[in-house]
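Only one structure is covered here, and it is reproduced in the block below.
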Amino acid sequence: MALPPEAAGQAAESHSLAGGGVEPKRREKVDHVVIRFAGDSGDGMQLAGMQFSTESAMAGNDIATLPDYPAEIRAPAGTLAGVSGFQVNFSSNEIFTAGDEPNVLVAMNPAALKANLDDVQPNGVIIADVAAFSDSNLKRAGFASNPLKDHSLDKYQVFEIDVTKLTTLALRDSGINNRAVMRCRNLFVLGLVSWLYQRPIESTEKWLAGRFRKTPEVLAANVRALRAGYNYGETTEAFASSYVVAPARIPAGFYRNITGNSATALGFVVAACRAKRPLFLGSYPITPASDVLHDLAGFKNFPVYTFQAEDEIAGMASAIGAAFGGAIAITTTSGPGMNLKAEAMGLAVKTELPVVITDVQRAGPSTGMPTKPEQADLLMAMYGRHGESPMPIIAAATPADCFDCAYEAVRLATKYMTPVILLTDGQLANGAEPWLVPDVSKLPEIKVELRTDPNGFLPYLRDPETMSRPWAVPGTPGLEHRLGGLSTEDQTGNVSYSPANNELMVRQRARKIAGIAREIPPIQIFGDANGGELVILGWGSTFGPIRETVNQLRSKGKNVSHIHLRYLNPLPDDLADKLRMFRKVMVAEMNMGQLLKMVRADYLIDAVGCNKIQGRPFKVSELTNRITRALEG
Amino acid sequence: MATALTRKDFISDQEVRWCPGCGDYAILAQVQKVMPELGVARENVVFISGIGCSSRFPYYMNTYGFHTIHGRAPAIATGLKVSRPDLDVWVVTGDGDGLSIGGNHMIHVLRRNVDFNILLFNNRIYGLTKGQYSPTSEVGKVTKSTPAGSVDFPFNPITVALGAQASFVARTIDVEQKHLGEMLKRGHDHRGTSFIEILQNCNIFNDDAFKDVSDKSIKAEHQLVLEHGKPLIFGKNRDRGIRMNGMRPEVVQLGNGVSESDLVVHDEGNLSLAFMLGNFEPPMPTPVGVFYCVARPTYDAAMNQQLEEARAKMGAGDPQKLLRQGDTWTIN
Ligand code: SF4
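Protein sequences, first through last, are from chains A and B. Numbered by numbering that gives the first Met the number 0, the letters in the first sequence go through residues 0 to 632 in order. Numbered by numbering that gives the first Met the number 0, the letters in the second sequence go through residues 0 to 331 in order.
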């Protein structure tokens, strides 16, 4: 999106949100809007945000979302620790991020206001549920006086709405109890915001119908609250006008709103279908990866086996067992879990069995910030095992890209008979974007041929091209053989402590992985294809902020380009040459400089880092500052 | 397979490398002898092991085999058996591999009741790492790592297995070839996880640890052979038995007014009895045989049934349809 963020939501000519009730209400056009829904973790803000995103996607906008929820499930109500937020950016242009600063903040209580106020841009809109601004709630949030009364919010446009009362009134005779009524407040707000931006609410009604199909009175109450909010916007005098964000120019096709974790799950299922093998997931629940397990548990008929293991090690170990038996075997985890799987991953390297290990990265070290994203597991993926145990590593750039990367991980694992690491992160996992649903038959082929011919069979006799060994599964007559973690002889796989043989095998495995570079597509430079002043090198979820920033700076005539990597091991063969075409190379990543180390070490290129370790994605403004300084320096 | 298999068919071409005199040889020989009697095609048999002396086992079986990593064999076997219920899976482990580093996997596989057989070679010592005490070594054991004697209270594999909700728990002895063979067959016939503790002599680091129950001259006085429905009698002259004295078991001499009808009758379906027998330590006799055996749904069958039901209800998965579900819309 070309607009600078400071102009976001303000492209309209006349802009008098707080004007008196002139009828009929005006509709004003804006290019894009960033809304953050914030409330207590029990207030249903994730749901409101997700549904609003879906409504916006269906209205033809490009969207990007950023959920931000507390790690503690039961932080005390009304406290800053318990604030849950969901930010959505919807636009009539192509967008790459959920936006730096919200134009609109929905604050369901004082804590939500306090936690998010600093991010709201000046003159931004704040919609607050006044009923929640009680003395005790204000105190819990650490306000000395009521910000709605003490003029501290004068630089914003504040709409004080008694959501609690209005919802209660709307549901007066709905027959549900007070607790259930309070749970409908988020739908009232969703209805109101939907009106404000002229979103169709049918998709939300349809979604509610599915969710509450077993409790008709709850369903009716939810729908009523949603409509009441929508109608309130239309009839109240508080809002002088609503806003229209025109549909984006999006390629024609069939779209689906998708989160990274869902896309990851789908990528694995579809890959297993293409390989004509069952899918087996061995996994131990861990934030933020568990949704992949949840999704896959619903796809049993494909068939998909989901084994909730006793621990992370067993998640990986069971996947190895399933791979030995001929399944498309995967395990899903986050950083702390991948630590624990390391030994078993080494066994998969040594026995050359295809297993995909997905690390949905989160902020570390140790337990860190479980719900916040980071990219600090790259070097663990590269080197975090004993001995020489190289593995292909690929990283997804956007939520929808998780589908392609999961699919590609299975393709590589089975083609090269190797474990593969897929890196995503908490931001991709829970973020959503519109996805042009692919035609399954047009996806790259995944051809799995299990060995059946005993003639000339040796467990480590390699394919001359890929260097992969045969996949010979138990149950096949005449191929009985033993695998193991001990060093083994070339071809036969018999235990061997021969020094020369050990080196031969280590080198063979390394060559096999390095050889994958052959099929990595040529690097696409966004910007100056023939080189220039500065190139930003990125990988994973930093794609959005980098692309947005580089796009904006280029439109201002700055000489900056962007290269984004999907393959991190092996690195693309043409990477070094491409980087050398630029006077300066900057590696932007959410860690202390891990890809930076690899690039410097492998290529002796004097690249510099641009790093953030706050459990939050880069802001466009941050990257802009950093790049501008680099261009000047 | 068309032709009947023999013991030879299960012997691999790899040289067996245990210490001369190790109890593992006898176990290997008996397993190779029993395999043809089980009526399973050789290509459907898989032996999976962890790390330790016992875990070398798969290399010597001419079946599919997997020598994995320390303690993880039950988890690896679970992944295999769940996704390949057609296979006949055996896990070979030891007291260190199965009860120390792999203790977590062991208890969870037992409660899940995945349909495979676990042979736990218990020699009450770490052999491969050359002689440290193990989680089944007795308190006071002097080893390389415990020169002043171990202060570590040991596990009893039988009661650990029972406590972990195992559905089949048995004990046998390396040198009792006939009994060992019977236990292997019983375990194999059982649907669910069969846990078989095999008392195994490590003649290098813990020689004669089970002398009382394996030495021909004295073993009859110390071995209590469990048989379902039969009274608990032992002794060279079969003249001693186990009687309940209130809630406590006691050894009684038959005769002088004590008859077989006063003795406890073994019942493989009685968990309390199994625990009681599992806790027998000298001077009580050492029970061998099946402590406990109950029918319980297996994890692998239950999971495959769920997959079948999903398939029956929703049809075989269609990937294109799957992708087109959820919040969708069309842009023209
Ligand atoms: S160390 Fe003991 S258990 Fe290991 S092979 Fe030698 S005798 Fe057998």
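We put the CB at the ideal spot given by N, CA and C, even for glycine. Remember, predicted model here, so these are calculated numbers, not experimental data.
C-beta contact flag for glycine 530 (chain A) and arginine 553 (chain A) at 8 Å: By 1-based counting over the first sequence, the position of residue 530 (chain A) is 531. By 1-based counting over the first sequence, the position of residue 553 (chain A) is 554. Using a Cβ distance threshold of 8 Å, glycine 530 (chain A) and arginine 553 (chain A) do not count as a contacting pair.
Sufficient close CB pairs (3 or more, under 8 Å) joining the region 426 to 436 of chain A to the region 393 to 407 of chain A: Short answer: they touch.
Residue of B:Cys52, B:Arg55, B:Val45 and B:Gly95 minimising C-alpha distance to leucine 86 (chain B): Working through the second sequence from its first residue, we reach residue 86 (chain B) at position 87. The candidate whose alpha carbon is nearest that of leucine 86 (chain B) is B:Val45.
Check whether cysteine 292 (chain B) and phenylalanine 167 (chain B) have beta carbons under 8 Å apart: Along the second sequence, read from residue 1 onward, the residue named residue 292 (chain B) stands at position 293. Along the second sequence, read from residue 1 onward, the residue named residue 167 (chain B) stands at position 168. Yes, Cβ-Cβ distance for cysteine 292 (chain B) and phenylalanine 167 (chain B) is below 8 Å.
Distance, proline 287 (chain A) Cα to proline 424 (chain A) Cα: Counted from its first residue, the first sequence places residue 424 (chain A) at position 425. Counted from its first residue, the first sequence places residue 287 (chain A) at position 288. Looking at the sequence shown, residue 424 (chain A) is not proline but aspartate. Each residue's Cα considered, the two are about 8 Å apart.
Heavy atom of ligand 1 within 7 Å of aspartate 23 (chain B) beta-carbon: Residue numbering aside, residue 23 (chain B) sits at position 24 when the second sequence is read from its first letter. Aspartate 23 (chain B): yes, Cβ under 7 Å from ligand 1.
8 Å Cβ cutoff, proline 318 (chain B) in contact with chain A: Along the second sequence, one-based indexing puts residue 318 (chain B) at 319. It does: the Cβ of proline 318 (chain B) has a partner Cβ on chain A nearer than 8 Å.
Segments of 3+ residues assigned as beta strand (DSSP E) that fall wholly inside the region 214 to 299 of chain A: The qualifying runs are 240 to 244, 252 to 258 and 278 to 282.
Tyrosine 68 (chain A) to leucine 503 (chain A) span [Cα, whole Å]: As a first step, residue 68 (chain A) is located in the first sequence; it is residue number 69 there, counting from the start. As a first step, residue 503 (chain A) is located in the first sequence; it is residue number 504 there, counting from the start. Approximately 50 Å, taken between the alpha carbons.
Heavy atom of ligand 1 within 7 Å of isoleucine 512 (chain A) beta-carbon: Here residue 512 (chain A) refers to the residue found at position 513 of the first sequence. For ligand 1, not one heavy atom lies less than 7 Å from the Cβ of isoleucine 512 (chain A).
Where aspartate 326 (chain B) meets chain A, residues with beta-carbon distance less than 8 Å: Taking the second sequence and counting its residues from 1, the one referred to as residue 326 (chain B) is at position 327. Ordered by position in chain A, the residues that pass the 8 Å Cβ test against aspartate 326 (chain B) are Thr53, Ala56, Met57, Ser202, Trp206, Arg255 and Asn256.
CA nearest to the CA of asparagine 550 (chain A), picked from A:Ser540, A:Gly539 and A:Ile535: As a working mapping, residue 550 (chain A) is identified with position 551 in the first sequence. Of the candidates A:Ser540, A:Gly539 and A:Ile535, the one whose C-alpha sits nearest the C-alpha of asparagine 550 (chain A) is A:Ile535.
Cα-Cα separation between isoleucine 249 (chain A) and isoleucine 330 (chain B), rounded to whole angstroms: Position 250 of the first sequence holds residue 249 (chain A). Position 331 of the second sequence holds residue 330 (chain B). Answer to the nearest angstrom: the Cα atoms are 7 Å apart.
Boundaries (first-last residue) of the beta strand (DSSP E) holding lysine 583 (chain A): Position 584 of the first sequence, counted from the first residue, corresponds to residue 583 (chain A). From DSSP, the beta strand (DSSP E) with lysine 583 (chain A) extends over 583 to 588.
Distance cut-off 7 Å: leucine 265 (chain A) Cβ against heavy atoms of ligand 1: On the first sequence, residue 265 (chain A) is found 266 positions in, with the first residue counted as 1. No, the Cβ of leucine 265 (chain A) stays beyond 7 Å of every heavy atom of ligand 1.
Threonine 64 (chain A) - DSSP class collapsed to helix/strand/coil: Looking up residue 64 (chain A) in the first sequence gives position 65. For threonine 64 (chain A), the three-state secondary structure derived from DSSP is strand.
Span separating the alpha-carbon of phenylalanine 651 (chain A) from that of isoleucine 197 (chain B): Nothing can be reported for residue 651 (chain A), as the shown portion of chain A is limited to 0 through 632.
C-alpha distance - valine 103 (chain A) paired with leucine 567 (chain A), whole-angstrom precision: Start at 1 with the first residue of the first sequence, and residue 103 (chain A) comes out as number 104. Start at 1 with the first residue of the first sequence, and residue 567 (chain A) comes out as number 568. A straight line joining the alpha-carbon of valine 103 (chain A) with that of leucine 567 (chain A) spans about 38 Å.
Aspartate 358 (chain A) beta carbon less than 8 Å from that of isoleucine 257 (chain A): Your numbering for residue 257 (chain A) matches position 258 in the first sequence. Your numbering for residue 358 (chain A) matches position 359 in the first sequence. No.
Cβ-heavy atom distance, isoleucine 197 (chain B) to ligand 1, below 7 Å: What you label residue 197 (chain B) is simply residue 198 of the second sequence in a count that begins at 1. Incorrect: isoleucine 197 (chain B) has no Cβ contact closer than 7 Å to ligand 1.
Chain-ordered residues of the region 81 to 111 of chain B with a beta carbon less than 7 Å from chain A: Taking 7 Å as the cut-off between beta carbons, the residues of the region 81 to 111 of chain B near chain A are Val81, Ser82, Arg83, Asp85, Leu86, Asn103, His104 and His107, in sequence order.
Per-residue DSSP class, three states only, for arginine 628 (chain A): Numbered from 1 along the first sequence, position 629 holds the residue referred to as residue 628 (chain A). Shown here, arginine 628 (chain A) sits in a helix according to DSSP, grouped into three states.
Any C-beta of chain B under 8 Å from that of leucine 79 (chain A): Counting from 1 along the first sequence, the entry for residue 79 (chain A) is found at position 80. For leucine 79 (chain A), no Cβ of chain B is located within less than 8 Å of the residue's own Cβ.
DSSP bridge partner residues for valine 293 (chain B) (one or two, in chain order): What you label residue 293 (chain B) is simply residue 294 of the second sequence in a count that begins at 1. Partner(s): none; valine 293 (chain B) has no beta bridge.
beta-carbon phenylalanine 56 (chain B) near ligand 1 non-hydrogen atom, thresh 7 Å: As a position in the second sequence, residue 56 (chain B) is number 57, starting the count at 1. With a cut-off of 7 Å, the C-beta of phenylalanine 56 (chain B) is classified as distant from ligand 1, since no heavy atom of the ligand falls inside that distance.
Residue(s) in a DSSP beta bridge with leucine 435 (chain A): In the first sequence, the residue the question calls residue 435 (chain A) occupies position 436. BP columns for leucine 435 (chain A) point to A:Tyr254.
Cβ contact check for the region 108 to 116 of chain B and the region 319 to 329 of chain A: 3 or more pairs under 8 Å: No, the region 108 to 116 of chain B is not in contact with the region 319 to 329 of chain A.
Straight-line Cα distance separating proline 302 (chain A) from alanine 311 (chain B): For the purposes of this step, residue 311 (chain B) is taken as the residue at position 312 of the second sequence. For the purposes of this step, residue 302 (chain A) is taken as the residue at position 303 of the first sequence. Looking at the two C-alpha atoms, the distance is approximately 12 Å.
Of the residues B:Asp12, B:Pro19, B:Asp8 and B:Val30, the one placed nearest isoleucine 382 (chain B), counting alpha carbons only: Examination of residue 382 (chain B) is not possible in this model, given that chain B is present from 0 through 331 alone.
With 16 other Cβ atoms within 10 Å as the buried cut-off, status of valine 21 (chain A): If you number the first sequence from 1, residue 21 (chain A) lands on position 22. Unreliable positioning characterises valine 21 (chain A) in this predicted model, as indicated by a pLDDT of 42, which lies under 50. A coordinate reading is not provided.
Sufficient close CB pairs (3 or more, under 8 Å) joining the region 115 to 133 of chain A to the region 144 to 154 of chain A: Because the criterion of three Cβ pairs below 8 Å is met, the region 115 to 133 of chain A and the region 144 to 154 of chain A touch.
Contact set between threonine 67 (chain B) and chain A, taken where Cβ atoms lie within less than 9 Å: Along the second sequence, read from residue 1 onward, the residue named residue 67 (chain B) stands at position 68. Below the 9 Å Cβ cutoff, chain A contributes Ala316, Ile319, Gly320, Ala343, Leu346, Thr350, Leu482, Gly483 and Gly484 as neighbours of threonine 67 (chain B), in chain order.
First through last residue of the beta strand (DSSP E) which encompasses arginine 247 (chain B): Against the second sequence, residue 247 (chain B) aligns to sequence position 248. Boundaries of the beta strand (DSSP E) harbouring arginine 247 (chain B): 247 to 252, taken from the DSSP string.
Cα-Cα separation, arginine 508 (chain A) to glycine 492 (chain A): Translated into the one-based positions of the first sequence, residue 508 (chain A) becomes position 509. Translated into the one-based positions of the first sequence, residue 492 (chain A) becomes position 493. If I take the Cα positions, the gap works out to 14 Å.
C-beta contact flag for leucine 449 (chain A) and tryptophan 434 (chain A) at 8 Å: Within the first sequence, numbered from 1, the residue matching residue 449 (chain A) stands at position 450. Within the first sequence, numbered from 1, the residue matching residue 434 (chain A) stands at position 435. Not closer than 8 Å, so no.
Contacts of isoleucine 117 (chain B) in chain A (Cβ-Cβ under 9 Å): Here the question's residue 117 (chain B) lines up with position 118 in the second sequence. The premise fails here: isoleucine 117 (chain B) is roughly 14 Å from chain A at the closest Cβ pair, so nothing lies under 9 Å.
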